[in-house]
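See below for the structure under consideration.
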Amino acid sequence: MGDRRPERSTADDGHTDRAVVRGVIRFLVIAALLGGIVLGAALIGPSLVDDISEVDDIGIDSQPSPSSEPPPAGERDPDVTDPDDPGETSYETGVETVSSPDVEDFVHAEVNDRRAEHGLEPLEWDGTVASVSRAHSGDMAEREYFAHTNPDGEQPYDRFTDVDDYCRGYGENIAMTWVDRPIEQPGGDGTAEYQTAEGLAEGLVNQWMNSTDHREAILEENVPHAWDRGGVGIVVEDDGRVFATHNFCHEW
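Position 13 (the sequence shown) corresponds to 180 in my numbering; numbering is contiguous.
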């Protein structure tokens, strides 16, 4: 890719604000060393159903079973964390307590399942990268924005290098949705209501896989490096709104 900075966006379809893939080559220490290559893809989540009386007509499934035991993703207490990491958040539905660590575990497993279907190696869970991801989700929730670049002008790789410096390549997918609310799926693909951690995680990964740029990030298509590790950061607000950040890393 040299020092090109390609940028690609998709038009808003009423549900998706944008999906952006960016490559940024940074030079660390000496110009001859290839620095952090950043890829990002943003996805606005499904919209809430305005008229709750229409839900039966749209066809929401019956109440789901509680989540299965989440597959442990990996280290939850790494030596290095983002100081702005908000930690665990949760929301009580009529089925279970949807906790952010459970959703993160399920998202990590689901992404690796999708990668395996395409012949890719699983991503190793990285607790530090997850902490940076969680901090960004928390910041978007607190400061009411949805973007890879925060109000201070920091991009994904900037946020990571504020915490550590072992990723040569770095990528990011973000999404927003709701738990315990009927929502219209992007692309007119029906209506859903996430009441479990497992269902919410599957819904988030489906959003990403049904968007070209996000799928490319997960499946390492048109990216300069194969990812070897990653981390998911979920924040569930008191009103049921959910922010998700998934960062990918290619270690030096």
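Each residue gets a CB set at the ideal place from its N, CA and C atoms; glycine is no exception.
If you're wondering where the values come from, they're calculated on a predicted model, not measured in any experiment.
Check	Outcome
Roughly how many angstroms separate the alpha carbons of G357 and E351, rounded to a whole number?	6 angstroms
I believe S304 touches D249 by the beta-carbon criterion, under 8 angstroms. Please report the beta-carbon distance rounded to the nearest angstrom.	No, S304 and D249 are not in contact; Cβ-Cβ is about 11 angstroms, not under 8 angstroms.
Determine the burial state of G286: buried for a count of at least 16 other Cβ atoms within 10 Å of its Cβ, exposed for fewer.	exposed
Using the rule of at least 16 other Cβ atoms within 10 Å of the residue's Cβ for burial, across every protein chain shown, is Y312 buried or exposed?	exposed
Got a sec, what are the start and stop residues for the beta strand (DSSP E) A342 sits in?	334-345
Would you mind reading off the limits of the alpha helix (DSSP H) that contains R282?	267-284
Quick check on the burial criterion: 16 or more other C-beta atoms within 10 angstroms. Buried or exposed for S300?	buried
Please specify which runs of the alpha helix (DSSP H), each continuous and at least 4 residues long, are wholly inside the segment 351-415, giving them in chain order.	364-376, 379-386
Buried or exposed: A393, going by 16 or more other Cβ atoms within 10 Å of its Cβ?	exposed
Nearest to E360 by CA position, among G407, R310, N414, E387, is which residue?	G407
Find the nearest neighbour of F327 within the set G294, A342, T344, R348, judged by alpha-carbon distance.	G294
Would you tell me roughly how many angstroms separate the C-alpha atoms of P253 and A302, rounded to the nearest one?	6 angstroms
Here's a check: name, in chain order, each residue in its chain whose Cβ is nearer than 7 angstroms to the Cβ of V265, leaving out the five neighbours to either side.	S257, Y258, V346, T363, A364, L367, V403
With a threshold of 8 angstroms on Cβ separation, who are the neighbours of T316 within its own chain once the five nearest residues in sequence on each side are excluded?	Q322
Please classify S422: does DSSP put it in a helix, a strand, or coil?	With the chain represented from 168 up to 419, any question about residue 422 goes unanswered, as that position is not in the structure.
Contact check, A276 vs I341 under 8 angstroms by CB: the rounded distance?	Not confirmed; about 19 angstroms, so no contact.
To the nearest whole angstrom, what separates the beta carbons of E418 and R335, a pair I think is in contact under 8 angstroms?	7 angstroms
Should D306 be labelled buried (16 or more other beta-carbon atoms within 10 Å of its own) or exposed?	buried
My output table needs one value for Y324: the three-state DSSP class, helix, strand or coil.	helix
Can you tell me whether E288 is buried or exposed? The criterion is at least 16 other CB atoms within 10 Å of its CB, across all chains shown.	exposed
Between V296 and L371, how many whole angstroms is the CB-CB distance? I'm expecting something under 8 angstroms.	About 17 angstroms; that fails the 8 angstroms criterion.
Suppose you measure from the CA of D251 to the CA of E339; what does that come to, to the nearest Å?	18 angstroms
For M343, which option in P268, G400, D272, R243 has the closest C-alpha, if you only look at C-alpha atoms?	G400
By Cβ distance below 7 angstroms, which residues in the same chain neighbour S235 in space, the five residues on each side in sequence not counted?	E365
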